[in-house]
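Notes follow the structure.
2 protein chains.
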Amino acid sequence: MIPFSPTKSIEILERTPAVITGMLGGISEAWITQNEGPGTWSPYDIVGHLIHGEKTDWIPRMQVILSDSPDKKFQPFDRFAQFTNSKGKTLAHLLDTFHLLREENIRVLRSLNLTDEDLSKQGIHPAFGAVTLSQLLATWTVHDLNHIAQLARVMAVQYRPAVGPWVAYLRILQSSGA
Amino acid sequence: MIPFSPTKSIEILERTPAVITGMLGGISEAWITQNEGPGTWSPYDIVGHLIHGEKTDWIPRMQVILSDSPDKKFQPFDRFAQFTNSKGKTLAHLLDTFHLLREENIRVLRSLNLTDEDLSKQGIHPAFGAVTLSQLLATWTVHDLNHIAQLARVMAVQYRPAVGPWVAYLRILQSSGA
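First to last, the sequence lines map onto chains A and B. Throughout the first sequence, residue numbering follows the working numbering, covering 4 to 181 in sequence. Throughout the second sequence, residue numbering follows the working numbering, covering 4 to 181 in sequence.
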């Protein structure tokens, strides 16, 4: 286990745009548009979801926690916003947008020089109730890794029939689905 | 699903070194050396495993399949070689080694201009028996994605306590373990 720290988190957060662009930038349309079946997301959908998180989730919720307002309730996050917001946009455009938003959000995060007292301040999550700023920022970090793993899985499952008997050795093909 | 093709596979294979370097290059030691518990691999171990695959698995097995020799048996792959081979090496060195080996292996793969007839040729896997070249090359591709997902998971689980109640929403924290 690694104890939470803003520095350790930023190490992951600042790498994610390049990692995702490394996986998807310039690749064939087929790898980008296929999903894992009805109700699941394609790589294209996942990038749109990450953009929506940069805009409406992590930093706005941090600002709710740190604000002087007594109302600490978070806005619910829209998990389906990307289906309208990404419409008509190329993947290259989405990747650029994600890079820029993430860069700015890390700049904001760094500029706050969060203290331990700040990190223990709370907001009210729509489902969980009281959560701390450190939990929010740790979740932002793990959320990136979650979607990197999901991208790898969505792409891998497209080749499930192609690997033949090796399916038995490839854990990524055992865990797929909605 | 995406039908197997060497071209579609190379699109993944050629991206993997940069993706993995993007995830791990220059990051804190803690993110690199922790694993998921006894018997599991750290990011450092995983990069060593990928190197051993480049040296002894994919291309050598392809060469067995395509050779004129009647002996089509593959050498068993050593899943633990990295624990001795990586000793004393920095992660930066391992990442560079993986880049170079992969680049050379893709050069070899491209130079063969594999035909459909080549892709249907068979070798003998120690556990599965007869497998085709297309299955081997598809597996090489999915194997990359499998380990990218594993890297993300190994890193994510270090923050499991840190995310608090959000563990319930983060699928990557539900699937961990040896």
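Each residue gets a CB set at the ideal place from its N, CA and C atoms; glycine is no exception. Treat the numbers as computed from the prediction; the structure is a model and nothing was measured.
Assigned with DSSP and collapsed to three states, Ile5/A falls in coil, not helix or strand.
With respect to the 9 Å criterion, Met26/A and Pro6/A are not classified as neighbours on the basis of their beta carbons. C-alpha of Glu57/B to C-alpha of Phe101/B: approximately 8 Å in a straight line. Of all C-beta pairs linking the region 147-159 of chain B to the region 148-155 of chain A, three or more are shorter than 8 Å, placing the two stretches in contact. Between Arg110/B and Pro9/B, the C-beta gap is not smaller than 9 Å, which leaves the two residues out of contact.
A contact between stretches requires three or more CB pairs, one per stretch, nearer than 8 Å, and the region 165-179 of chain A meets this requirement with the region 131-148 of chain B. Pro168/A reaches chain B at Phe131 and Val134, counting residues in chain order whose Cβ is nearer than 7 Å. Put simply, the region 51-66 of chain B touches the region 74-91 of chain B. At least three CB pairs are less than 8 Å apart. Chain B places no beta carbon closer than 9 Å to that of Pro79/A, leaving this residue out of the contacts.
Under the Cβ distance rule, Ser178/A counts among the residues neighbouring chain B, one pair being separated by less than 9 Å. Looking at the backbone, the Cα of Leu140/A and that of Glu39/B are separated by about 21 Å. Taking all protein chains shown into account, Met4/B has fewer than 16 neighbouring C-beta atoms within 10 Å of its C-beta and is therefore exposed. Using a CB distance below 8 Å, the part of the region 23-37 of chain B facing chain A consists of Gly25, Met26, Ile30, Ser31, Ala33, Trp34 and Gln37, ordered along the chain. Annotated as distal: Ser123/B and Ala165/A, with beta-carbon spacing of 9 Å or more. For Val134/B, the enclosing beta strand (DSSP E) covers residues Gly132 to Thr135. Residues of chain A whose Cβ lies closer than 9 Å to the Cβ of Glu14/B are, in chain order, Gly29, Ile30, Ser31 and Trp34.
Assignment of Gln85/B by DSSP, reduced to helix, strand and coil, places it in the helix class. Within the region 37-121 of chain B, the runs of alpha helix (DSSP H) at least 4 residues long that lie entirely inside it are, in chain order, 46-59, 61-69, 85-88 and 94-114. Chain B places no beta carbon closer than 9 Å to that of Thr59/A, leaving this residue out of the contacts. The shortest C-alpha to C-alpha distance from Ile68/A to any of Lys92/A, Asp121/A and Gln37/A is the one to Asp121/A. Interface criterion met: the Cβ of Tyr172/B is under 9 Å from a Cβ in chain A. Neighbours of Gln138/B across chain A, judged by C-beta separation under 8 Å: Ala165, Val166, Gly167, Pro168 and Trp169.
Annotation for Ile23/B: the continuous alpha helix (DSSP H) segment containing it runs Thr19 to Leu27. Annotation for Gly126/A: the continuous beta strand (DSSP E) segment containing it runs Gln125 to His128. Residues of the same chain with a CB within less than 7 Å of the CB of Arg64/B, apart from the 5 flanking positions on each side, are Phe77, Gly126 and Leu139 in chain order. Scanning chain B for C-beta atoms nearer than 7 Å to the C-beta of Phe101/A yields nothing, as the closest lies near 14 Å away. The three-state reading of DSSP puts Leu173/B in coil, since its state is none of H, G, I, E or B. Under the three-state reduction of DSSP output, Ile30/B falls in the coil class, being neither helix nor strand. Of all residues in the region 66-91 of chain B, none places a beta-carbon less than 7 Å from a beta-carbon of chain A.
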